[in-house]
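Some notes on the structure that comes next.
Numbering (this note's numbering), first residue to last: 1 to 371.
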């Protein structure tokens, strides 16, 4: 195997039994396993390591094109996968990412994540715990949730807590790219590839190389681009528009949408094979109405940030204003809360936010009836 040529000390095992024995005898920084073994499968080793030696990343080696097996391994807890025939650059990238996973670093970042993803309700504590676990993997994660819940923040935390934290996080709104430019935006293009291509240009995959590409509103991708995205994810390589050679890329894919992607598959607007490739692990971000007890903490945080931004003192809420916020359901979630508080600060006087300053929809309807 090419690992020895990378100056990495290796211990080999011919089957599951030998691998289990080696794991008992010493600690390892990384484990590679083939999927086909004489006395079992690579999934057996993945499950054993995740149960007994969770600090050790495990990657699986799959036959070329065997995507289903790779996805199953990732769902079982594998750090990543490589396909045969092994490409040296892909292998090097995987090893580098795996060896950057440090329990000490993860512990530090978990504390930092509490300052970014605020809340002490059980549902938000659980979400932070899941984010920490997902940060130790390279598996694609599909983030679901209503608009305004903070899906991009969750994706950023997965990136920042993981082995790619020193590399680039590239977010892109898939619905904001014109159809005729989407392939060039993702994969780049060569000079002269089309009218207006006056020079070579790197795409999003090159920009995110070594880091993370976050595909927001992925359901809005045109079908023709879905095919090419699927191939790029599976092959870990892209071909710029107008180019003749493929370029290896090392990118972790995170995606999100406020739509029901499974329904999009049923309607024929989203490819089923790409859906299963992106949705290896699904992570749901709860709406604000399901974590009402976190509202006071969020209000305090948002007001402090707004006051600092505007070089003002942090305003206080009256009891009536606080009660109104706690009773409101926030269909627009955290984004709506931020907008409400920013508006309230504008209308408030003497550093006090009254209930009427909030201008909640219920209040507006009452005013409309009174008029």
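Positions of the beta carbon are idealized from the N, C-alpha and C atoms, including for glycine. These figures come from a predicted structure and were not determined experimentally.
In this chain, residue 59 is not harboured by any alpha helix (DSSP H); it is covered by the beta strand (DSSP E) spanning 58-62.
Ranked by Cα distance from residue 39, the first of 196, 24 and 20 is 20. One Cα belongs to residue 306, the other to residue 161, and the distance between them is close to 26 Å.
In summary, residue 149 is buried, with 16 or more beta-carbon neighbours lying within 10 Å of its beta-carbon over all protein chains present. Under the DSSP definition of a beta bridge, residue 316 partners with 352. DSSP, reduced to helix, strand and coil, places residue 159 within a helical segment of the structure shown. At the C-beta level, residue 60 and residue 28 stay beyond 8 Å of one another. Our two residues, residue 165 and residue 135, have alpha carbons roughly 10 Å apart in a direct line. Following the DSSP letters along the chain, one finds residue 216 in no alpha helix (DSSP H) but inside the beta strand (DSSP E) bounded by residues 212-216. No Cβ-Cβ contact shorter than 8 Å links residue 278 with residue 295.
A straight line joining the alpha-carbon of residue 179 with that of residue 36 spans about 42 Å. Secondary structure in the stretch 221-285: the alpha helix (DSSP H) runs of 4 residues or longer, each lying completely within the stretch, are 223-235, 261-267 and 272-278 in chain order. Residue 299 is classed as buried because its beta carbon has at least 16 other beta carbons within 10 Å across all chains shown. In this structure the stretch 113-133 does not lie against the stretch 85-95, because fewer than three pairs of beta carbons, one per stretch, are closer than 8 Å. In the DSSP assignment, the residues bridged to residue 36 are 41. Scanning its chain for C-beta atoms nearer than 6 Å, with the 5 sequence neighbours on each side dropped, one finds around residue 182 the residues 225, in chain order. Counting C-beta pairs closer than 8 Å gives three or more between the stretch 140-147 and the stretch 263-282, which meets the contact rule. Scanning its chain for C-beta atoms nearer than 6 Å, with the 5 sequence neighbours on each side dropped, one finds around residue 74 the residues 139 and 280, in chain order. A direct Cα-Cα distance of roughly 29 Å separates residue 346 from residue 120. For residue 301, the secondary structure class from DSSP, reduced to helix, strand or coil, is helix.
At the C-beta level, residue 301 and residue 118 come within 8 Å of one another.
Taking C-alpha positions only, residue 188 is separated from residue 232 by approximately 13 Å.
Counting along the chain, the unbroken alpha helix (DSSP H) around residue 123 starts and ends at 122-135. When C-alpha distances from residue 177 are compared across 315, 153, 195 and 203, the shortest belongs to 203. Shown here, residue 52 sits in a helix according to DSSP, grouped into three states. In the structure shown, the three-state DSSP call for residue 191 is coil. Boundaries of the alpha helix (DSSP H) around residue 205: 204-207.
With a cut-off of 8 Å on Cβ pairs, the stretch 248-263 is in contact with the stretch 207-217, counting three or more such pairs. The residue from 350, 355 and 349 with its alpha-carbon nearest to that of residue 340 is 355. Rounded to whole angstroms, the separation of the alpha carbons of residue 336 and residue 57 is 40 Å. In this structure, DSSP gives residue 346 a helical state, which the three-state scheme calls helix. By the criterion of a C-beta distance shorter than 6 Å, residue 151 is surrounded in its chain by 143, 145, 256 and 285, once the five residues flanking it on both sides are discounted.
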